[in-house]
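A.B. asks: Please see the structure below; I have some questions.
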Amino acid sequence: SIGTAHWIHAIRYNMNMTMIMHDNGIYGLTKNQASPTSPQGMTSNTTPFGSQLEPMNPVSVTLGIRNVSFVAQAVDWIPELLHDIIAEAYHHKGFSFVRVLQRCPEFMPDRYDEWVQDPDRMLLLHHQDGLQLSPGVSSVYHRQEEHDPANKNRAREIASVNDPIPVGVLYRDPEVPCYEDLRKPDRLYTPDIVESVLEKEFDKFTINPAG
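Numbering (the numbering used here), first residue to last: 8 to 218.
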C-alpha cells in the first residue's frame, strides 16, 4: 500500500521508467505485518486471527489503468527468466511494471514451496516478438503458452489466474506515448535562440539619449 498513488499515476502518465515490485506477501522490514498481497487467512502481528481480505492482484490492477504500456510477472526461483523479463522491461520505452513473486526468508520462507517443487504449476509465456525460452528452461517447465503481448484481453485473463502462476510478458504496447514526449516543446531552444530572446527583452529597457 506504500506508494500506491505514485504507482497509479506513473502508469497513467506512462513515464519512461521501470518499476520492479518485490512481492513477498508480507511486510518483512516492519517485522511480520500483513500486506495488501498477503494470502487470506495468514496470521501475522497485525492479523493474529488471520487476514480476512482476499489479496490484491497488482498485475490485474495495473492492466486496468489507462495508458498502461508494459506489464510482466517473474518469480525468484527461475533466475534466467527473471533476468530476461527485467531486460525486456528496461528496453521498453514507457512505464514498465514488473511484479516479482519472491519468498521472505524470515517470515514466509515456504510461501511458494508448492510451485517451486511442481514445475507443472507454472505457466511460462513466450512469443516470437517477445520473451524466448531457452532449451534448459523448457526442459523443466513444460506448461507453456504462446501469448501475444499485444492482446490485452488475454493478458487480463492470464493475470486473473493464480494457479498455475503465469511468468512472462503479459502486455506490451510500444505505441503509447510517454508524458514527457507529449510535453516536449516543438522548438529546440539552443543557446543562440535563448540569447536572442533575452536581448530582445533587454532592448525594451534601452534608453535613447535626446538628440
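Every residue, glycine too, gets a C-beta built ideally from N, C-alpha and C.
Quick check on Tyr-196: buried or exposed, where buried means 16 or more other Cβ atoms within 10 Å of its Cβ?
C.D. replies: Exposed, because fewer than 16 other Cβ atoms sit within 10 Å of the Cβ of Tyr-196.
A.B. asks: If the criterion is Cβ atoms closer than 7 angstroms, does the pair Tyr-20 and Tyr-186 meet it?
C.D. replies: Closer than 7 angstroms, so yes.
A.B. asks: Does the structure place the stretch 114-126 close enough to the stretch 154-162 that three or more beta carbon pairs sit under 8 angstroms?
C.D. replies: Touching, no, given that fewer than three Cβ pairs across the two stretches are closer than 8 angstroms.
A.B. asks: Given a cut-off of 7 angstroms on the beta-carbon distance, is the pair Ala-96 and Thr-11 in contact?
C.D. replies: No, the Cβ-Cβ distance between Ala-96 and Thr-11 is not below 7 angstroms.
A.B. asks: Is His-29 helix, strand or coil by DSSP?
C.D. replies: It is a strand residue.
A.B. asks: In this structure, does DSSP put Arg-179 in helix, strand or coil?
C.D. replies: Strand, per DSSP.
A.B. asks: Consider the C-beta atom of Met-28 and the heavy atoms of the ligand ZN; say whether any pair is separated by less than 6 angstroms.
C.D. replies: By its list of ligands, the structure shown contains no ligand whatsoever, and the ligand ZN lies outside what it can speak to.
A.B. asks: Cα separation between Ile-18 and Arg-73?
C.D. replies: Cα to Cα, the separation comes out at about 8 angstroms.
A.B. asks: How big is the Cα-Cα spacing for Leu-89 and Pro-62?
C.D. replies: Cα to Cα, the separation comes out at about 23 angstroms.
A.B. asks: Could you give the DSSP three-state label for Pro-173: helix, strand or coil?
C.D. replies: DSSP places Pro-173 in strand when its eight states are reduced to three.
A.B. asks: If contact is defined by three or more beta carbon pairs under 8 angstroms, each pair taking one atom from either stretch, is the stretch 127-146 in contact with the stretch 72-87?
C.D. replies: They touch, by the three-pair rule.
A.B. asks: State the start and end residues of the unbroken alpha helix (DSSP H) segment that holds Arg-161.
C.D. replies: Unbroken alpha helix (DSSP H) run through Arg-161: 159-166.
A.B. asks: Can you name, in chain order, every residue of its own chain whose Cβ lies under 6 angstroms from the Cβ of Lys-38, other than the five neighbours on each side?
C.D. replies: Here the set comprises nothing.
A.B. asks: Could you say which of His-99, Phe-104 and Gly-137 lies nearest to Val-68 if we only look at CA atoms?
C.D. replies: Selected option, being the one with the closest Cα: Phe-104.
A.B. asks: Which runs of the alpha helix (DSSP H), 4 residues or longer, sit entirely within the stretch 57-139?
C.D. replies: DSSP runs (the alpha helix (DSSP H)) wholly in the stretch 57-139: 65-70, 86-98 and 120-124.
A.B. asks: With distances taken between CB atoms, is the gap from Pro-171 to Arg-106 smaller than 7 angstroms?
C.D. replies: Against a cut-off of 7 angstroms, the Cβ pair of Arg-106 and Pro-171 comes out as no contact.
A.B. asks: Do Glu-87 and Val-123 have their C-beta atoms closer together than 7 angstroms?
C.D. replies: No. Outside cutoff.
A.B. asks: To which residues of the same chain is Val-147 closer than 8 angstroms at the C-beta, ignoring the five residues directly before and after it?
C.D. replies: Hits under 8 angstroms: Pro-126.
A.B. asks: Take Ile-165 as the anchor and find which of Cys-111, Pro-198 and Leu-70 has the nearest alpha-carbon.
C.D. replies: Comparing Cα-Cα distances from Ile-165 to each of Cys-111, Pro-198 and Leu-70, the minimum goes to Leu-70.
A.B. asks: Going by DSSP, what residue range makes up the alpha helix (DSSP H) through Thr-54?
C.D. replies: Taken as a continuous stretch (DSSP letters only), Thr-54 belongs to no alpha helix (DSSP H), as it is neither H nor E.
A.B. asks: Roughly how far, in whole angstroms, is the beta-carbon of Asn-169 from the beta-carbon of Cys-111, given that I think they are within contact range, below 8 angstroms?
C.D. replies: Contact doesn't hold; Cβ gap of about 18 angstroms is too wide.
A.B. asks: Given this structure, state the Cα-to-Cα distance separating Arg-163 from Ser-203, to the nearest angstrom.
C.D. replies: Roughly 53 angstroms between the two C-alpha positions.
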